[in-house]
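Residue numbers (this note's numbering): 41 to 435.
Note that CB positions come from ideal geometry on N, CA and C, so glycine has one too.
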Ligand SMILES: *Cc1c(COP(=O)(O)O)cnc(C)c1O
Ligand SMILES: [Zn+2]
């Protein structure tokens with residue numbers, strides 16, 4: 041296992057702390073051996089061991105080279121796949137802290153402990169910080185999270201504090217917090233676990249592998265994912281490239297990466313065939329993807345190219361309409377996750393489609409409570425007549 045620069049190819053050891061190449065570009069984990077059979081992973085589904093029940097560590101030979109005893113697992117993953125109206129929804133909101141971030145965090149924190157770190161940090165729109173806080177608590181590490189002040193959804197902030205992290209509420213946006221945490225980790229010797237950390241990406245690959253396993257290794261036509269900092273888009277591209285090269289699947293699914301139109305730098309680049317990288321000042325109701333300068337840009341470009349993928353943007357109205365429909369299916373998700381269904385509609389996708397719902401419905405209660413129709417929430421006096429009037433007034 042080693043780290044390779046995605047731009048200039050320089051190799052670095054995996055057992056020394058390093059996030060980027062000397063040339064400034066991103067690093068990717070590379071393995072010397074890769075399993076060619078999926079039988080071991082399929083057999084582990086019957087096991088009662090935590091590391092086999094984990095939807096990340098079930099694939100451990102293709103995730104991280106480490107002794108079983110060193111793994112820090114909740115366990116996480118093993119999320120459900122729902123079929124509604126002919127579309128499949130992989131609900132990553134069913135992870136232990138309510139978002140897919142746990143899949144990357146279990147690997148990054150395992151690596152942090154192995155490297156001897158005593159404190160870990162991230163910048164976050166809320167879900168990474170909740171996940172970091174939970175895994176730091178489990179591993180006994182100090183947790184420091186940089187969040188945009190006043191911009192984090194209530195559920196995520198409450199979790200982060202409950203699990204015991206220290207929050208630095210930065211008077212600025214996510215991109216400012218991201219830049220600050222990178223400097224802070226360099227200066228203070230804290231281990232950085234944002235998705236710039238290549239081990240996060242290794243864990244997030246398992247979203248795709250697990251859904252392929254759920255489909256008995258028959259690849260779907262489309263995998264649709266929200267796009268913010270582009271860690272997931274990057275991880276999905278790597279997961280598919282590795283699965284295809286190893287013969288786990290014979291067909292390459294296409295990735296559809298969906299942004300909110302108020303936070304669409306990746307879409308802008310895609311529209312120009314990736315001629316240049318864009319940075320924007322981000323604003324959208326979908327706070328998890330309110331990101332103007334995505335860190336994993338180069339890896340995500342490769343993911344779209346390698347999978348003949350597409351990038352689309354949807355408006356806040358479109359994503360909130362899709363969220364309402366996902367909620368009313370009895371599934372529920374946070375606003376950012378609903379960009380997937382909104383994107384399927386906008387792109388008029390056909391064939392077998394898997395939408396990855398990235399976060400739980402309870403993450404962002406305000407997005408629901410601010411828009412309750414009058415006939416759905418009725419305050420009454422405590423009398424049976426008032427109840428009758430209310431019931432009879434229903435449309
Ligand atoms: C982090 C997050 C995203 C964005 O994923 P990236 O890997 O940053 O593109 C989308 N939805 C939810 C709920 C998230 O927490
Ligand atoms: Zn380099």
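Residues bridged to residue i (per DSSP)
{"i": "residue 53", "result": "42"}
{"i": "residue 394", "result": "128, 263"}
{"i": "residue 294", "result": "262"}
{"i": "residue 123", "result": "128"}
{"i": "residue 232", "result": "161"}
{"i": "residue 139", "result": "399"}
Of the listed residues the options, nearest to residue i (C-alpha basis)
{"i": "residue 350", "options": "78, 388, 325", "result": "388"}
{"i": "residue 195", "options": "391, 416, 409", "result": "409"}
{"i": "residue 272", "options": "180, 320, 243", "result": "243"}
{"i": "residue 165", "options": "434, 135, 330, 72", "result": "330"}
{"i": "residue 106", "options": "161, 155, 125, 93", "result": "155"}
{"i": "residue 252", "options": "289, 87, 375", "result": "289"}
{"i": "residue 323", "options": "316, 315, 225, 332", "result": "332"}
{"i": "residue 357", "options": "391, 379, 149, 370", "result": "379"}
{"i": "residue 303", "options": "402, 274, 359", "result": "359"}
{"i": "residue 279", "options": "316, 317, 240", "result": "240"}
{"i": "residue 205", "options": "212, 186, 216", "result": "186"}
{"i": "residue 256", "options": "121, 159, 71, 386", "result": "121"}
{"i": "residue 202", "options": "137, 211, 266, 238", "result": "137"}
{"i": "residue 69", "options": "193, 118, 236, 128", "result": "236"}
{"i": "residue 100", "options": "123, 170, 174, 144", "result": "144"}
{"i": "residue 125", "options": "306, 381, 314", "result": "381"}
{"i": "residue 216", "options": "200, 188, 232", "result": "188"}
{"i": "residue 151", "options": "110, 319, 375, 274", "result": "110"}
{"i": "residue 139", "options": "428, 401, 433", "result": "401"}
{"i": "residue 232", "options": "92, 43, 355, 184", "result": "184"}
{"i": "residue 314", "options": "344, 299, 291", "result": "344"}
Beta-carbon proximity check, residue i vs residue j, cutoff 8 Å
{"i": "residue 438", "j": "residue 346", "result": "A query on residue 438 cannot be resolved here, the shown segment of the chain reaching from 41 to 435 and no further."}
{"i": "residue 286", "j": "residue 76", "result": "yes"}
{"i": "residue 214", "j": "residue 163", "result": "yes"}
{"i": "residue 377", "j": "residue 133", "result": "yes"}
{"i": "residue 254", "j": "residue 327", "result": "no"}
{"i": "residue 179", "j": "residue 153", "result": "yes"}
{"i": "residue 168", "j": "residue 234", "result": "yes"}
{"i": "residue 263", "j": "residue 248", "result": "yes"}
{"i": "residue 103", "j": "residue 112", "result": "no"}
{"i": "residue 57", "j": "residue 339", "result": "no"}
{"i": "residue 391", "j": "residue 261", "result": "yes"}
{"i": "residue 149", "j": "residue 177", "result": "no"}
{"i": "residue 268", "j": "residue 295", "result": "no"}
{"i": "residue 198", "j": "residue 325", "result": "no"}
{"i": "residue 161", "j": "residue 225", "result": "yes"}
{"i": "residue 399", "j": "residue 250", "result": "no"}
{"i": "residue 371", "j": "residue 131", "result": "yes"}
{"i": "residue 426", "j": "residue 420", "result": "yes"}
{"i": "residue 67", "j": "residue 60", "result": "yes"}
Outcome for residue i when other beta-carbon atoms lying within 10 angstroms are tallied against a minimum of 16
{"i": "residue 147", "result": "buried"}
{"i": "residue 62", "result": "exposed"}
{"i": "residue 54", "result": "buried"}
{"i": "residue 48", "result": "exposed"}
{"i": "residue 98", "result": "buried"}
{"i": "residue 364", "result": "exposed"}
{"i": "residue 245", "result": "buried"}
{"i": "residue 218", "result": "buried"}
{"i": "residue 223", "result": "exposed"}
{"i": "residue 108", "result": "exposed"}
{"i": "residue 293", "result": "buried"}
{"i": "residue 181", "result": "buried"}
{"i": "residue 228", "result": "exposed"}
{"i": "residue 393", "result": "buried"}
{"i": "residue 142", "result": "buried"}
{"i": "residue 86", "result": "exposed"}
{"i": "residue 416", "result": "exposed"}
{"i": "residue 157", "result": "buried"}
{"i": "residue 193", "result": "buried"}
{"i": "residue 135", "result": "buried"}
{"i": "residue 74", "result": "exposed"}
{"i": "residue 128", "result": "buried"}
{"i": "residue 412", "result": "exposed"}
{"i": "residue 275", "result": "buried"}
{"i": "residue 434", "result": "exposed"}
Notebook entry, point to check: Which parts of the stretch 147–210 are runs of the alpha helix (DSSP H), unbroken and 4 residues or longer, counting only runs that do not cross its ends?
Noted result: Counting whole runs of 4 or more residues, the stretch 147–210 contains the alpha helix (DSSP H) stretches 167–179, 194–202.
request  = Please go through the stretch 393–434 and give each complete alpha helix (DSSP H) segment of 4 or more residues, from N-terminal end onward.
outcome  = 405–409, 424–432
Extract the residue ranges of the alpha helix (DSSP H) inside the stretch 290–363, only unbroken runs of 4 or more that lie entirely within it.
305–311, 337–346
_Inside the stretch 55–118 only - alpha helix (DSSP H) runs reaching at least 4 residues_ = Listed in chain order, they are 79–83, 90–93.
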